[in-house]
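Okay, so the sequence shown: first residue is 3 according to this note's numbering, each after it adds one. Take a look at the structure below.
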Amino acid sequence: MDNILLIHLGRHKTGTTALQSFLSANRDKLAQYGWCYPDFQKEIPELRAWPPWKTEKNGTAFFTTKETKYGESILYERDKLTVHTDEWNKIWDWLLQSLKSKNVIISEEALWYSSEEFLAEAKKRYENIKVIVYIRRQDRAMESWWNQMIKGGRWCDKSFHDYLASDGNNEIREGLHYLKKLDQISGQIGKKNCIVRVYEKQQLQGEYGIISDFFSALGFTPEWNSCTKCLNLNDRLFGNYIEIKRVINSVCSAGYLPSKDMVSALERLSQRLCEKETGYFTVEERKKFMGQFASENEQIAKEYLHRENGVLFYDNRMNYPIDDIHQCSLFEKNLIQVFSAMLCTQHEEILHLKNQSYALIWKLILQKVNGRKLLLFGAGEKCRELMEHITIPVEYVVDNDLSKAGNWRGGAKIVHTKEIHDWSQYLVVITCIKTDGIEEQLQSLGLKKEEDYVAAKEYFV
């Protein structure tokens, strides 16, 4: 029997980030059960990646991307499917080869909106395709999406009700009509191959939410104790903290860009001090909003979940407490704007000073090169930060983890330490925070600190 190509279409705000992070962190465990969650950056190094260093959302390899720089960060937007391109062919060549020996999982939220085209083309290449989709009660999904727009976005400063009434979320609202999309999917692969799961506490199987439910749908339970655990990566903001962030967003139109630290502070305070089971609809608004999906949801329950009673969502609560948000006076709003603008300005100045210090420190380090090549030790987050500011070519990024080997952002190649045969050719910069073990390793090879290697943590802030 042919192995399964499983497409997880996600749906925004249904735990996809947590699931993708778990699948990415436990690729070796999946392999023990005959499943593969490919890292296309590693398997097909010549592919451009989105974002350049992210491997959790492996389905992004099927998309072209647009890149926009906003202050300290870069926004990557998925654009179009790469159908009928060299990249598309390379990915499918790899998939078809892998499917000869194992089941393969692909995951990407954006495929929900491009599913008809994607599946039509995929069926030309491979027959045994299954799709798993998680759907969430539409009112709760809409509230969560607005919250994410305020928390993560810099340009959205609309109140919930203004956002709900605006034309800017038409694609999101259209995507809440799940029946239409499910019928399109099943039209391509058949209803028996369309696995519909409900993202709701009462319906998720197992003790680990969407992660255990996903494996339940696959038909097996991993040995959880041996799996790598992943943190909740996408917490909401609650109460006044979402309102404060909304006001902060309003200064973006004046050219100020809030830092990640501001968002992190709001997130930490919100998670510790606010009630979690809240919403933004009134009871009557919630009933009216859900009313437009009632017949569709009943049909989904009957046709896709085989429930004769037509109940799709077990949670029928309409009286969620409205998030306790203090409505700012104009004076209070202006006060938040003034201080957030000051913090943004201060942050930009700090970044400028850090960039200047990077240049000076690299000049100091490069005085130690003495005709040798530059080698960075440790292919982690700190290495990525340092590479943003390096002014000369890096020969290699070296790491003790063999699984990280391959091409990397900036054109540098990650190699295993065993591939470096003559360390005397290099000036080594250790990029890791914890350096004791690496320093002992380098010293055992005859390298001397400050002559043959340096620890970046002792130079850079």
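Every residue, glycine too, gets a C-beta built ideally from N, C-alpha and C. None of these values were measured; they are calculated from a predicted model.
Next on the checklist: With a threshold of 7 angstroms on Cβ separation, who are the neighbours of Ser272 within its own chain once the five nearest residues in sequence on each side are excluded?
Outcome noted: If we look at Ser272 and ignore the five residues flanking it on each side, its Cβ neighbours are Leu239, Phe240, Gly241 and Tyr243.
Checklist entry - Is the CB-CB distance between Leu1 and Ser117 below 8 angstroms? => result This structure does not reach residue 1, given that the chain is present from 3 up to 463, and the question cannot be answered.
Checklist entry - Which residue comes first and which comes last in the alpha helix (DSSP H) that contains Asn227? => result Note, Asn227: premise wrong, no alpha helix (DSSP H); not H, not E.
Checklist entry - Are there 16 or more other CB atoms within 10 angstroms of the CB of Ala256, so buried, or fewer, so exposed? => result Of the other Cβ atoms in all chains shown, fewer than 16 fall within 10 Å of the Cβ of Ala256; this residue is therefore exposed.
Checklist entry - So Gly12 is in the beta strand (DSSP E); what residue range does that whole segment cover? => result Taken as a continuous stretch (DSSP letters only), the beta strand (DSSP E) holding Gly12 covers Leu7 to Gly12.
Next on the checklist: Let's see if you can read the secondary structure: which residues bound the alpha helix (DSSP H) around Lys304?
Outcome noted: Note, Lys304: alpha helix (DSSP H), Ala296 to Glu305.
Checklist entry - Hey, how far is the Cα of Pro224 from the Cα of Lys31? => result The straight-line gap separating the alpha-carbon atoms of Pro224 and Lys31 is approximately 8 angstroms.
Checklist entry - Mind checking Ala167: buried by the 16 CB within 10 Å criterion, or exposed? => result An exposed status is given to Ala167, since fewer than 16 other beta-carbon atoms sit within 10 Å of its beta-carbon.
Checklist entry - Near Ile9, which residues of its chain fall below 6 angstroms by C-beta distance, leaving aside the five closest residues on each side in sequence? => result Excluding residues within five positions, the ones whose Cβ falls inside 6 angstroms are Ile108 and Val133.
Item to check | Endpoints, alpha helix (DSSP H) assigned at Val285 | outcome: Where Val285 is concerned, the enclosing alpha helix (DSSP H) stretches over Val285 to Gly293.
Checklist entry - How is the alpha helix (DSSP H) around Lys102 delimited, first residue to last? => result Note, Lys102: premise wrong, no alpha helix (DSSP H); not H, not E.
Checklist entry - Going by other Cβ atoms of all chains shown within 10 Å of its Cβ, with 16 needed for buried, is Lys365 buried or exposed? => result Lys365 comes out exposed.
Checklist entry - Considering only C-alpha positions, which residue in the set Leu181, His391 and Met151 is nearest to His354? => result Checked all of Leu181, His391 and Met151; the closest Cα to His354 is His391.
Next on the checklist: Does the contact criterion of 3 or more C-beta pairs under 8 angstroms hold for the stretch 120–138 versus the stretch 186–202?
Outcome noted: As far as the Cβ criterion goes, the stretch 120–138 touches the stretch 186–202, which means the pair count is three or higher.
Checklist entry - Taking the Cβ atom as the reference point for each residue, do Trp425 and Leu404 lie within a distance shorter than 8 angstroms? => result At least 8 angstroms separates the beta-carbon of Trp425 from that of Leu404.
Next on the checklist: Please identify the residue among Gly36, Gln140, Val340 and Glu334 whose C-alpha is closest to the C-alpha of Leu259.
Outcome noted: Distances from the alpha-carbon of Leu259 to those of Gly36, Gln140, Val340 and Glu334 put Val340 closest.
Checklist entry - In terms of alpha-carbon separation, which member of Tyr282, Asn299, Ile250 and Leu378 lies closest to Asp164? => result Among Tyr282, Asn299, Ile250 and Leu378, the Cα nearest to that of Asp164 is on Tyr282.
Next on the checklist: Only counting the same chain, and skipping five residues up and downstream in sequence, which positions put a Cβ closer than 8 angstroms to that of Leu178?
Outcome noted: Excluding its 5 nearest sequence neighbours in each direction, Leu178 has C-beta neighbours in its own chain below 8 angstroms: Gln140, Ala143, Met144 and Phe295, listed in chain order.
Next on the checklist: Would Lys278 and Ile152 qualify as a contact pair, given that the criterion is a beta-carbon distance under 8 angstroms?
Outcome noted: No.
Next on the checklist: On a Cα-Cα basis, can you pick out the residue from Phe217, Glu45 and Leu449 that is closest to Tyr35?
Outcome noted: Measuring from the Cα of Tyr35, the nearest candidate turns out to be Phe217.
Next on the checklist: Here's the rule: buried if 16 or more other CB atoms are within 10 angstroms of the residue's CB, otherwise exposed. What is Tyr316?
Outcome noted: Note on Tyr316: under 16 other CB atoms within 10 angstroms of its CB, so exposed under the neighbour-count rule.
Checklist entry - Which word fits Thr437, buried or exposed, when buried means at least 16 other C-beta atoms lie within 10 angstroms of its C-beta? => result With 16 or more other Cβ atoms within 10 Å, it is buried.
Next on the checklist: So for His354, helix, strand or coil by DSSP?
Outcome noted: Helix, per DSSP.
Next on the checklist: Can you list, in chain order, the residues of its chain with a C-beta nearer than 8 angstroms to that of Ser100? Leave out the 5 residues immediately preceding and following it.
Outcome noted: The beta carbon of Ser100 lies closer than 8 angstroms to those of Cys38, Pro40 and Val106 in the same chain, with the five residues before and after it left out.
Checklist entry - Alpha carbon to alpha carbon, what distance is there between Leu314 and Lys203? => result Going by the C-alpha atoms only, they are around 13 angstroms apart.
Item to check | Enclosing beta strand (DSSP E) for Phe464 [first to last residue] | outcome: The structure shown has nothing for residue 464, since the chain only spans 3 to 463.
Checklist entry - What distance in whole Å lies between the Cβ atoms of Tyr306 and Asp198, which are believed to be in contact at a cut-off of 8 angstroms? => result For the record, residue 198 in the displayed sequence is Val; it is not Asp. Confirmed, about 4 angstroms.
Next on the checklist: Could you tell me the alpha carbon to alpha carbon distance between Ala112 and His14, rounded to whole angstroms?
Outcome noted: Straight-line Cα distance between these residues: approximately 9 angstroms.
Next on the checklist: Taking DSSP's pairing of strands, which residues face Val200 in a bridge?
Outcome noted: Beta-bridge analysis with DSSP links Val200 to Ile137.
Item to check | Spatial neighbours of Phe24 in its chain, beta-carbon cut-off 7 angstroms, leaving aside the 5 residues before and after | outcome: Exclusion of the five residues before and after Phe24 leaves Ile213 and Cys232 as the residues of its chain whose Cβ lies within less than 7 angstroms of its Cβ.
Next on the checklist: Using only CA atoms, which one of Trp226, Phe462 and Val431 lies nearest to Lys451?
Outcome noted: Its Cα nearest to that of Lys451, the residue Val431 stands out among Trp226, Phe462 and Val431.
Next on the checklist: Given this structure, state the Cα-to-Cα distance separating Asn402 from Asn172, to the nearest angstrom.
Outcome noted: The alpha-carbon separation between Asn402 and Asn172 amounts to approximately 48 angstroms.
Checklist entry - Would Arg319 be called buried (16 or more neighbouring beta carbons within 10 Å of its own) or exposed? => result Looking at its Cβ environment, which holds fewer than 16 other Cβ atoms inside 10 Å, Arg319 is exposed.
Checklist entry - Taking the DSSP output, what are the residues bridged to Val400? => result DSSP, once it has assigned bridges, lists Phe379 and Val417 as partnering Val400.
Checklist entry - Which residues share a DSSP beta bridge with Trp37? => result DSSP output for Trp37 lists Asn105 as bridge partner(s).
Checklist entry - Just how far apart, CA to CA, sit Gln369 and Thr19? => result Using only the alpha carbons, I get a separation of about 43 angstroms.
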